[in-house]
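Heads up: the sequence shown at position 75 corresponds to 75 in full-length UniProt numbering, and the numbers run straight through without jumps.
Below is one structure, written out as structure tokens; comments come after it.
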Amino acid sequence: MLFYKDKLLSPAQLKRLGDHKYSCSSVSLLDPLLQPWWNWLVSKTPLWVAPNLITILGLIVNILTTLILVWYSPDAKVEAPRWACFLCAFGLFVYQSLDAIDGKQARRTGTSNPLGELFDHGCDSISTVFVALSACIAVQLGHYPSWMFFQCFCAMTLFYCAHWQTYVSGTLRFGKIDVTEAQVTIIFIHLISAIFGPSVWMTKLPWLDVELKLVPIYVAVLVAALLAQSKVAIIISGGVGKNGSTVAGTSVLSPVIPFSLVIIPAFIIYRKSVEQVYENHPALYILAFGMVAAKVTNRLV
Numbered sequence: 001m002l003f004y005k006d007k008l009l010s011p012a013q014l015k016r017l018g019d020h021k022y023s024c025s026s027v028s029l030l031d032p033l034l035q036p037w038w039n040w041l042v043s044k045t046p047l048w049v050a051p052n053l054i055t056i057l058g059l060i061v062n063i064l065t066t067l068i069l070v071w072y073s074p075d076a077k078v079e080a081p082r083w084a085c086f087l088c089a090f091g092l093f094v095y096q097s098l099d100a101i102d103g104k105q106a107r108r109t110g111t112s113n114p115l116g117e118l119f120d121h122g123c124d125s126i127s128t129v130f131v132a133l134s135a136c137i138a139v140q141l142g143h144y145p146s147w148m149f150f151q152c153f154c155a156m157t158l159f160y161c162a163h164w165q166t167y168v169s170g171t172l173r174f175g176k177i178d179v180t181e182a183q184v185t186i187i188f189i190h191l192i193s194a195i196f197g198p199s200v201w202m203t204k205l206p207w208l209d210v211e212l213k214l215v216p217i218y219v220a221v222l223v224a225a226l227l228a229q230s231k232v233a234i235i236i237s238g239g240v241g242k243n244g245s246t247v248a249g250t251s252v253l254s255p256v257i258p259f260s261l262v263i264i265p266a267f268i269i270y271r272k273s274v275e276q277v278y279e280n281h282p283a284l285y286i287l288a289f290g291m292v293a294a295k296v297t298n299r300l301v
């Protein structure tokens, strides 16, 4: 019995998928430092382990450790147990490591293909939601609902923009401060919460008169602005397709429409909901819209 009779991809899409060649450039500050660890780890991985299995295992660990945090603090206001924060740091480290070696394992076993890349980035789009949410819970950002909304949806938007510029230029680019640096920062945030307790982030800095939790948020805003500027510059400079179009031959601005249909309703409901859906259930709200955003991102990839 067929449960899904329609074809997921058209013949033209399948042809483009078969012709696709992965192109990536990176000037990350931390990647070179972590490469020895990743190379050692992949060398110890049995050859019979499929790259996609490595990817999905990392994602499962990341999701489960984050859900434990959500269970104890669904509103991101309640102080989660220190061990849950440590577990989340460990889960993110495992995810980062396995995500870094799945491509190495594919090349090692001669199983690299475009579908593997799609699967990898699909898992990344889901992980982005959970990682951003876990960081908000670790610092009890629920006391600042607007900042929590911005933090989580900014992460989703930056991930989408990264693949938007790839859709335009044909090359996935990582800057000096990018995914790896963000993940390491969040790991340290979890470790600080695990060692000193999440309440440490409510400490007021006397010389700034702001809570400690807002410092990484302000830094994140600055970094996000710089990343967004670099990606927008690539997008508006024109694509590699015919007449400056995307790799698929479409307008470079076309990807803005589907993602806007996720972000705009999320913002309107957050601001106008009489039942205060977001304020009462922030974690569930972010996960729900995050999964929709991940789906839209996967369509772009």
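Where is the CB? At the ideal position from N, CA and C, for every residue including glycine.
Judged by DSSP in its simplified three-state form, E275 adopts coil rather than helix or strand.
Secondary structure of S25 (DSSP, three-state): strand. Distance from the Cα of K242 is smallest, within the candidate group G170, K272, L261, for G170.
Inter-segment contact for the stretch 279-290 and the stretch 162-181 is absent: fewer than three beta-carbon pairs are separated by less than 8 Å. Straight-line measurement puts the Cα of W207 at about 44 Å from the Cα of P258. Going by C-alpha positions, W71 is about 15 Å away from V139. Burial of N62 is indicated by the presence of at least 16 other C-beta atoms within 10 angstroms of its C-beta. DSSP, read as helix, strand or coil, puts L205 in strand. Taking D99 as reference, the option from A135, L87, P74, I56 with the minimal CA-CA separation is I56. Beta-bridge analysis with DSSP links E117 to no other residue.
In the DSSP assignment, L284 falls within the alpha helix (DSSP H) that extends over 282-300. Counted as a single uninterrupted DSSP element, the beta strand (DSSP E) harbouring L172 occupies residues 172-174. Its Cα nearest to that of T297, the residue H163 stands out among H163, V219, R271, G249. Of the candidates N113, A155, R299, A155 places its Cα closest to the Cα of G290. Restricting attention to V131, A224, R271, V168, the CA atom closest to the CA of I236 is found in V168. In the structure shown, the three-state DSSP call for V210 is strand. The residue from A220, L53, G249, L253 with its alpha-carbon nearest to that of V232 is L253. By the criterion of at least three beta-carbon pairs nearer than 8 Å, the stretch 254-274 is not in contact with the stretch 191-210.
Between S97 and L41, the C-beta gap is smaller than 8 Å, which places the two residues in contact.
Collapsing the DSSP output to three states places V184 in a helix.
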